[in-house]
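Protein sequence lines correspond, in order, to chains H and R.
For the first sequence, my numbering assigns the number 479 to the initial residue and increments by one for each residue that follows.
For the second sequence, my numbering assigns the number 479 to the initial residue and increments by one for each residue that follows.
There are 2 protein chains.
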Amino acid sequence: MAKPNTPITEHLAYLLAQANREINRQLELRLSKEGVPVEQWRILKVLSDGNGHSMGELADAVLLNHPTLTKMIDRMVSDTLVYRVQDPNDRRKVLMFISDRGKVLSKKLNSLAVDQEEHILESYGDKSTSELKRLLESLIDSSN
Amino acid sequence: MAKPNTPITEHLAYLLAQANREINRQLELRLSKEGVPVEQWRILKVLSDGNGHSMGELADAVLLNHPTLTKMIDRMVSDTLVYRVQDPNDRRKVLMFISDRGKVLSKKLNSLAVDQEEHILESYGDKSTSELKRLLESLIDSSN
DNA sequence: TTGAAAATATTGAATATTCAACAATTGAAG
DNA sequence: CTTCAATTGTTGAATATTCAATATTTTCAA
């Protein structure tokens, strides 16, 4: 009467980690053509609305915690992809903006990312993809 | 005629990262009751079949790369949760085994993890959960 | 208005991860 | 058999992340 404990591969937490790892790896591979980590793509994408975004807001949006974001932004400022402006309405805040160079890079990265999405659509299917997205959104919602 | 680029929140890669982060955070919170990181739960769970698993096999199973696993196993050996045995059939390999202490801990961790799964089932729904799992498995399959 | 608490971002030290090189063993071709 | 390439795991240095502490500014209650 051995107890056949639930295998790890049946845990939602594990399946999510596994799928995330794989998809992220693929995306990483594409973006490496431009020598850019996934997080920087996210940052540029969020900033490419042209508006200023505070560090806190950005950290939430790109799934990084504050100190990690600060250091990554330091690098991106060195690369003149983004720049800091003190928020005039709340001087505790820093508003981040994308530079022209950042916009150019962002476009290239977007097309690489879109490439990947299309590749997934092909091998995984249109129906499954949109259904999966829907379920993920709803899971995220239900976790707040 | 501004181009409304796909928002990042619509990319599968982003949704997966977000969902994974959130679910992982919740699991982490539970496991912290025993002071154990998620990766160690995975390791113990895989080893709790009682069989020896090589480092390479284990690294794949628990989603860690080799050097990271080696160092985490070093810690777990210090804590006498697992132990190394040289594979007699292939002396390049090391077989990892779970200790009695590891088994005891593993059971506690499992019940914490099951707690979480039940919590998700409640707030997210039985139907959605199993459907999400099915889709994730199929996505992972299609990525090989 | 003042002073304490909260919010925001950064820093430096501690910790963890990754990359490249290495050592040991096995496999396999000649 | 012997040698060379491939496999497996570990190590140390370089890099990245995290935690706790800090500085600054704002908020708000007294």
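Glycine included, each C-beta is placed from N, C-alpha and C at the ideal position.
Do you know offhand how far residue i's Cα is from residue j's?
i        : j        : result
R:MET533 : R:HIS544 : 7 angstroms
R:VAL582 : H:LEU525 : 49 angstroms
R:TYR561 : R:ASP568 : 18 angstroms
H:LEU494 : R:GLU506 : 14 angstroms
R:ALA539 : R:ASP527 : 13 angstroms
H:GLU517 : H:LYS585 : 15 angstroms
R:ALA537 : R:THR546 : 9 angstroms
H:ARG570 : H:GLU615 : 32 angstroms
H:HIS489 : R:GLU595 : 8 angstroms
H:LEU610 : R:TYR492 : 12 angstroms
R:ALA497 : R:HIS531 : 30 angstroms
H:SER556 : H:GLY580 : 12 angstroms
R:PRO566 : R:ASN529 : 14 angstroms
R:LEU420 : H:PRO485 : In the structure as shown, chain R starts at 479 and stops at 622, and residue 420 of chain R therefore has no counterpart that could be examined.
H:GLN564 : H:ASP578 : 19 angstroms
R:LEU559 : R:HIS597 : 28 angstroms
In this structure, does DSSP put residue i in helix, strand or coil?
i        : result
H:LEU542 : coil
H:LEU559 : coil
R:HIS489 : coil
R:SER577 : coil
R:SER526 : coil
R:VAL514 : coil
Examine chain R for any beta-carbon lying closer than 8 angstroms to the beta-carbon of residue i, and answer yes or no.
i        : result
H:VAL524 : yes
H:ASN543 : no
H:TYR602 : yes
H:ALA537 : no
H:LYS586 : no
Is any heavy atom in the ligand NAP found nearer than 7 angstroms to the beta carbon of residue i?
i        : result
H:ALA539 : In terms of ligand content, the structure shown is empty, and the ligand NAP therefore cannot be addressed.
Could you check where the alpha helix (DSSP H) with residue i kicks off and where it finishes?
i        : result
H:ASP604 : 604 to 620
Is there a Cβ of chain H sitting closer than 8 angstroms to that of residue i, yes or no?
i        : result
R:ILE598 : yes
R:THR607 : yes
R:ILE486 : yes
R:GLN496 : yes
Touch test, the region 574 to 582 of chain R against the region 495 to 503 of chain R, Cβ-Cβ under 8 angstroms, three pairs minimum
no
At least 3 beta-carbon pairs within less than 8 angstroms: the region 547 to 556 of chain H vs the region 510 to 524 of chain H:
yes
Per the contact definition of three or more C-beta pairs closer than 8 angstroms, is the region 579 to 595 of chain H in contact with the region 506 to 518 of chain H?
yes
Are the region 602 to 613 of chain R and the region 607 to 620 of chain H touching by the rule of at least three beta carbon pairs closer than 8 angstroms?
yes
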